[in-house]
Every structure is written in structure tokens, then in C-alpha cells.
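A short write-up of the structure that comes next.
Protein chains in written order, with the numbering used here: chain G, 369 to 828; chain Z, 369 to 828.
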């Protein structure tokens, strides 16, 4: 028995007892040493393997401590029964390109890119260093809604710029808007259906489905979500983008806002989610204050994010909960932790409090306004083109009736330009014919001019 | 009509047109100006309010643009119908103490606190600054699973220290273990029940319930989760803590690990979640390699976190997905963003790659080993006390049969010491009688000695 014992080949850096232990454990796991097999006596193994008694003793006691072998009185150690399940499936790791993926497009008119050339790197680097250095207490667990100083700063910012009415107690900081939407759905288990704009934001449809809810598409007209269709849907929760409807670019006028607030106030447990993305960027008129500021009945959840106004890498978003949902949040998540690092919260607070955010918004606002004007003007020279939704935000719609939507995107793709067909965002409503969605923020002014030139050729 | 027009009282910093616009919009919202009311002519309002024509024109055009008033041919502007819903409920914001809450306990034996005195602040501050400065590209959107360099570093670390077998492709970085558990449940909608250790980690029970799943408590014996009870439960998903069962402190021996792997491999679609929290800290023997490393069938999801090994403020956790779930992740979350800031990912990568993490673990490991010995020895002097589960991790159990669990915690509380009763973690099983759970990491050695002194008095 002991003569046929599988001996290890020693080598490498780890201690001999560890190599011996691993070797025997592996043999037991693989079945090379069958359950019930007696191990050689310690003395015999010393001789067989050419190692010291203490090496063997340490290896055996590890094997016993971890349950690989059982100590039997007067007969030493025997192997335990722990054959592992055979591999049921070779199950190779699916291959994926290493990140970052090589860009597949010369010009990507993505709706989610931003221009980071204006980002104040040296200020941010200084701020993050100070935030760590001056706040050792931030290593400990923070408040589940985010730290108070950042929440106070956000409440003030939103009151001033967006007409949001809230106390810092109502602010919840989270790692991105999609993350907050996920938390919100967990707080609202009774809402089995979610009314969503059609066309609308794909991530909101995905979030509803991932949480086992039924997404109900509600048509968007020239003023935003259709109130009558919403009422008929039977949903108790509606997600809207009043400042800048995604992707149509419609701004919801006060009358429609009032209608939606009436809808929310007229049934028990109804809530509106106001996603105020892109509200920082408006080119032709002043921004309309947030729907939340008009709400007197506590039925609106306001959401916003810094991923567009600063950068996608800054994973900080916020929501303002009405009192009823704030109570639920406290009951549900009071033992959790805020998903944003406290150092990053403190860095952002300093960025806001030192006026750097305001300056950054003014710089990028001017940049985007120029880009929007340049791109729409150049594209407007293509015969037959009409452009809508370019009054605000970082994307617009382009319609060119002499081609189908597929032809528009395919001809652009042949020039290595990536556009999104409007139908991508449509669910039950038929898309406007011959229409594509173009984002411009991620391309430089030179690239926008080149993109427009190529599209002139593509759509000639 | 125009004579009864409510005029604003001008003041403050904002432009006059803005004050006029807000005043009229507010009057329309509140009903002070009823729907259909004609606004004064521009000229007349100039005279009434004592402002310039351009001020009135700007205010009126804003009101019209935002839908507060309608332009009627030959009769000027009339108020739109947009009375807001009356406040249905005063709904005050629930009061909450400002963060940080004042500590209510002189000595908090929390199981989640850590000792941050050993944290290398100056290195971390330097690293975060470098991470921002040297990587402008990190402002753009990153990979939904986290950036490749950090994932490669993690895969190597886990292979070396925990015997985890994985490729960087399988690593998913997320903002905390609870967050990753939430993502995982979203990937497994077919798992309607989740088998959980009893006693067990409260956040896992909470996560299952928040995602609409039924948590099924499975008793834990001296080796970990009971395999037969798991089989009988009918669950297809089980959450276990093999390295250091929470809260009993049991380490699962190889035989039980093998049984659970057999359970997972013997039914279609079964998965084990291995939460390897606390595996970095082991006092009396070397750590057993992770269950994941024994899995040949691709049925184990491995999870770990830096919130205990570095600090709760570092909201970075990771999971290793088996190939089947990796494919689902890619299909489901490929358009999402990783919830951890890319700057923070890069800071952590540097912390690992520069050997600072290893050094930090060695320092804190020695510190915690000393604390554990000091605290258990001092408490062991109390007559009748027995201590279990102190071989590893940052907490242990204490049993003192002459008091009930309630008496133990109440008498400690009277000395301003916070302990958790074991029953807090128990669901269907009866708790061990007269047993409490004590964490020691967050208290200094001096505080631990004082806590033990006070408990001697409390339990005399």
C-alpha cells in the first residue's frame, strides 16, 4: 500500500510541508487516493519522501484539520470520502476581447459620451488627495444615504438651479442612475407594472424587467408622456424625462406637468419618477424648473446624475425621495452602506463647494453649444434633412425622407460612422420614418465637421 | 381685471424678468390667477409694475414657452389650465439626526467595524492623486465588469492566496458585496427560493426578500450548512460562508465542501454562492483554500470584499462568475457601467500591485491576532464563560449559562456596551442558549481591556 503511495515532486518556493499537503489533498480530491485508503505512517513517509518528521507532521495535521483525512485510533490516518463531482461540462470561459476594446468606428455619435477635454484634472487630483488626507474618519462606515455634507450641498444646488424643494434628509446618493432606479424598484414591490416613455430610455425598460416588473410603453407626443394612455395603463408608477425627453428631445410644458401631477395625486400609492438627466444643457431658452418643485402631494421622486455633467467615470447620482418613500428607505436599507466611496463623496462635495462644478458646467456648456450649432448647421446643408430636438441636451434627431432608417444607418456605417436608428428606442409605437439619433458630445469640433462631410457623401 | 393683477415685490439678486416670471407662474400654479384669466397687456404691465418693456417681454415669452399662458390672437395672453393638485397630505420630512450620529455606546462590539489606525493614509493619498493625474482616459466609460488591469490583479491575488481558479474575464467588480449579491439575483430570475445559512448573515436574507425571492433557512451544524436539509429544501441556489461561517465561526471541512459541490452538480441550474468574507484573518491554522477552487462543474460563484480587509469606506467587492453566469451577465448588463469609479479602481490596482495591500494585511493581521487573544483571555477569566469561533475572523461567540441571552445583552447595555444576541441571526433554528456575538476589530486594545472589565462587573 504505502509503496504505491503517490509521492510529490518537490520544487518551487512554498514550504515542503505545504507542497506535501497540497499533493495529498489533490490526490484525495481527484480519487487517486480512494476513500478509506490508509496513509503511510509518519515515519515511513519521512523515509519515502526524504523529508523531516516535522514536515510530515505539519502536512498530516493540516489534512486532518481540514477534513481530508480521518485519524483512526491505532491505525493512523485514512482518506475521507470526498471525491469531487466530475466536470459535468468543460465549460470554457467565453472569450472576450481584452478591455479596452479597439474602437470599431471612426466616428461614434453615441448619446452617452461626453467631452472630457475640459475636465480640470489638476484640481480634481488636488481635491482627491486632500479629501483622503484631511478626513481619516471617512474610512469608517458612512450613512446609507450618503454623507450629510454632500447631501446638504446637493440639496442647495438643486434648489438653486432646478427649483427642487427638498431637505438634505431626503437626498440619497448612489453609484449611478441605474443603481438608484434599482434601489427604488426594491422599495416599491407593490408596483407590478411600470409605465415608461415610448420611445424611451432603454436602461429603464431593462431595469423594470430585471426586477420582475412589467414595462408598459406609453406613447410620447409633442409634450411628453400621454396622460390618458397613462391613466388607461393601470400602472401606479411612471418614469418620465420632462426636461429633455429621451430620445425625442421634447420639453414637457407646464400644462402636461400639471396633468401628470394630477394623475399621481388622484390614486393611492402612485408615484412619478422624474429623471432630470441632461437638464444642465439647454441652448435656446432657460431651463424649466423640475417637476418635483411643483409637487405638493409628495408623489415625485427626482433623479439626477453627474455622469454627463462631469464624466461617465464619476459614478455618482442622487435621488430625492418624498417623505413616504424616505420612510421606506430607512426601514429597508438602514443597515446597508452607500455604494459610493466616502472619499469620492468628499471629493465631489469639495468640487461643488469650491465653485469648480459651476465653472466646469459653464465651460462645457459653451463647448457643447458650439458643437451643437456646428453639427446641426453642417448637417442641415444636406438636401432634404430636417433636424428636431436640438434645443437642449447632447443629442438630436435627424430625418431624411429619401432613405429608410436602415439605409440611413447602413450608409453611415459604410463610412465608419455609428448612429442609432430611432426604432431602437421604440416599443409599441411605430418610429417616425427615416429618422436617426445623433449624439455629438464625445466628438471634437474637427471630428464633427468630418462626420458631417462623410454623411453628405453617404446620403448623396 | 388688470387692476386686480397680483404684482410682485421685487428684491434679491435675480434679474427682474425672472422675478416677474416666477411670480406670475406661481400665481397660475396656486390658482391666484384662474385658468382663462387675461394677463395685462405688456404696456400696461410695464406701467403697473414699474419695469421696462424688455423685462415684461422676456417674462411673457418664458411663460408662453413653458406653457403657463397661451397666446390668443388679438387678445394677448390668457392663463392656461394647470392648477396643481392640492397637497393631499402635509407629509413632513421624517426627522432624522444629522449624520454623523452621536455614538450611543461607550464600547460598540460591532461585527462589521475594522481598525483603521493602520491604514496607510499618505500612500493612499499619493496613489489616488497619481491615479487621476496619470490616467485622463479613465474619465470615459469603462468596462461594465470593471477595468481589465484591476481584474487581472484580482485574479492573480485570488489564485495565490485563496486557491481560486479564474481568468480575469470572469471577474466582476462592484460597489460592495450586497450590491454584487443584488446583481447576481437579477441574473438568476428562475431561482424563486434561496437557501441561506441559519444562523446566517442578515443582509443575505434582506437581499433575497428585496428581490422577491423566498429565503429558506437551512440549519448550520459544526461543519457548516446541512447538506440533507439543503437537498430537501428544493432550493436551487445556496449562499454559504465556508471559510468562516457567519456568525458561528465554523470552518467548513473538505468533506462538507465536497458534499455541497455534489449537491450543486447533481441538479440542473444549481449554484452555490461562496461568500469568502474574513478569509484574510485566521489565527490558529492556515486558511483552507476557497470552495471555488475545488469546483470542476462551474457551479460556484465566489465573492469577496475589501471593506473588511482595507476599510468599510472602500466600496469595492468582486465576484468570480462561472462561465454560464458570465454569459448571462454579458447578455444582461453589457450596456451598464461598473458601479465603482474608475479612478478608485485604478487606485486599488496600484495599492495591490505595489505590495501595499499585502503589507497592510500583515500589519492588521498581527493587530487583530493580538486583540483577539487579549479580549478572549480577559473575558475567559469571567467564571462560567466559554468562547467559541475565535480561531479566525473579527468576531466570536461567548456563552455564559447563568444568564439568559436577554440578560447578557441588557446587563452589557447598562454598562454602555453594545453586543448582539445570537438570536438576532437565527430564523427557524433555536439559538444556542445564553450566547452573544462580540466583534473586536473596531475597539483599541485599551478599549477591549476596559470592555472586558466592565463585562466582568455586568455579569458578576
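Glycine residues also receive a C-beta, built at the ideal position from the N, C-alpha and C atoms.
Grouping DSSP H, G and I as helix and E and B as strand, with all else coil, what is residue i?
{"i": "residue 766 of chain Z", "result": "strand"}
{"i": "residue 590 of chain G", "result": "coil"}
{"i": "residue 775 of chain G", "result": "helix"}
{"i": "residue 803 of chain G", "result": "strand"}
{"i": "residue 786 of chain G", "result": "strand"}
{"i": "residue 740 of chain Z", "result": "helix"}
{"i": "residue 468 of chain G", "result": "Per-residue confidence for residue 468 of chain G stands at a pLDDT of 47, beneath the threshold of 50, marking its modelled position as unreliable; no derived number is given."}
{"i": "residue 392 of chain Z", "result": "helix"}
{"i": "residue 386 of chain G", "result": "helix"}
{"i": "residue 756 of chain Z", "result": "strand"}
{"i": "residue 414 of chain G", "result": "helix"}
{"i": "residue 439 of chain Z", "result": "strand"}
{"i": "residue 444 of chain Z", "result": "strand"}
{"i": "residue 479 of chain Z", "result": "coil"}
{"i": "residue 746 of chain Z", "result": "helix"}
{"i": "residue 685 of chain Z", "result": "strand"}
{"i": "residue 565 of chain Z", "result": "strand"}
{"i": "residue 725 of chain Z", "result": "helix"}
Quick one: is residue i buried, meaning 16 or more other Cβ sit within 10 Å of its Cβ, or exposed?
{"i": "residue 803 of chain G", "result": "buried"}
{"i": "residue 440 of chain Z", "result": "exposed"}
{"i": "residue 458 of chain G", "result": "Only weak support exists for where residue 458 of chain G lies, its pLDDT of 42 falling under 50; the coordinates are left without a value."}
{"i": "residue 356 of chain G", "result": "Summary: the structure shown does not reach residue 356 of chain G, with chain G confined to residues 369 through 828, and so no result is reported for it."}
{"i": "residue 434 of chain Z", "result": "buried"}
{"i": "residue 622 of chain Z", "result": "buried"}
{"i": "residue 703 of chain G", "result": "exposed"}
{"i": "residue 421 of chain Z", "result": "exposed"}
{"i": "residue 589 of chain Z", "result": "exposed"}
{"i": "residue 566 of chain Z", "result": "buried"}
{"i": "residue 509 of chain Z", "result": "buried"}
{"i": "residue 375 of chain G", "result": "exposed"}
{"i": "residue 502 of chain Z", "result": "exposed"}
{"i": "residue 417 of chain G", "result": "buried"}
{"i": "residue 595 of chain G", "result": "buried"}
{"i": "residue 773 of chain Z", "result": "buried"}
{"i": "residue 608 of chain G", "result": "buried"}
{"i": "residue 563 of chain G", "result": "buried"}
{"i": "residue 387 of chain G", "result": "buried"}
Please tell me whether residue i and residue j are closer than 7 angstroms, where the distance is taken between their beta carbons.
{"i": "residue 603 of chain Z", "j": "residue 561 of chain Z", "result": "yes"}
{"i": "residue 624 of chain Z", "j": "residue 591 of chain Z", "result": "yes"}
{"i": "residue 521 of chain Z", "j": "residue 729 of chain Z", "result": "no"}
{"i": "residue 790 of chain G", "j": "residue 743 of chain G", "result": "no"}
{"i": "residue 401 of chain Z", "j": "residue 395 of chain Z", "result": "yes"}
{"i": "residue 787 of chain G", "j": "residue 780 of chain G", "result": "yes"}
{"i": "residue 691 of chain Z", "j": "residue 723 of chain Z", "result": "no"}
{"i": "residue 523 of chain G", "j": "residue 540 of chain G", "result": "no"}
{"i": "residue 544 of chain G", "j": "residue 707 of chain Z", "result": "yes"}
{"i": "residue 597 of chain Z", "j": "residue 583 of chain Z", "result": "no"}
{"i": "residue 783 of chain Z", "j": "residue 746 of chain Z", "result": "no"}
{"i": "residue 696 of chain G", "j": "residue 555 of chain G", "result": "yes"}
{"i": "residue 410 of chain Z", "j": "residue 424 of chain Z", "result": "yes"}
Three or more beta-carbon pairs under 8 angstroms between the stretch 490-497 of chain G and the stretch 813-827 of chain G, yes or no? no
The stretch 731-745 of chain G touching the stretch 807-814 of chain G, judged by at least three CB pairs closer than 8 angstroms: yes
Entirely within the stretch 571-655 of chain G and at least 3 residues each: give me those beta strand (DSSP E) ranges in chain order. Note on the stretch 571-655 of chain G: whole beta strand (DSSP E) runs with a minimum of 3 residues are 582-589, 605-608 and 639-643, in chain order.
Continuous beta strand (DSSP E) assignments of at least 3 residues falling wholly in the stretch 485-553 of chain Z: 539-542
Using 8 angstroms as the cut-off, can you tell me whether the stretch 756-772 of chain G makes contact with the stretch 641-658 of chain G, which would need three or more C-beta pairs spanning the two stretches below that distance? Touching, yes.
Validate contact between the stretch 525-536 of chain G and the stretch 743-759 of chain Z using beta carbons, cut 8 angstroms, 3 pairs: When Cβ pairs closer than 8 angstroms are counted between the two stretches, the stretch 525-536 of chain G is seen not to touch the stretch 743-759 of chain Z, the count staying below three.
Flag this pair as touching only if the stretch 625-636 of chain G and the stretch 540-552 of chain G have three or more C-beta atom pairs under 8 angstroms; answer yes or no. In short, these stretches do not touch, since the Cβ pair count stays below three.
Do the stretch 495-514 of chain G and the stretch 707-717 of chain G meet, that is, are 3 or more Cβ pairs less than 8 angstroms apart? yes
Contact between the stretch 663-670 of chain G and the stretch 611-622 of chain G is defined here as three or more beta-carbon pairs at a separation below 8 angstroms; is this criterion met? Fewer than three beta-carbon pairs drawn from the stretch 663-670 of chain G and the stretch 611-622 of chain G are found closer than 8 angstroms, and the two stretches are therefore not classed as touching.
Touching by the beta-carbon criterion (3+ pairs, under 8 angstroms), the stretch 681-689 of chain G and the stretch 471-480 of chain G: no
Pairing CB atoms from the stretch 657-668 of chain G with CB atoms from the stretch 639-646 of chain G, are three or more of them under 8 angstroms? yes
Those runs of the alpha helix (DSSP H) which lie wholly inside the stretch 666-711 of chain Z and span at least 4 residues: 691-701
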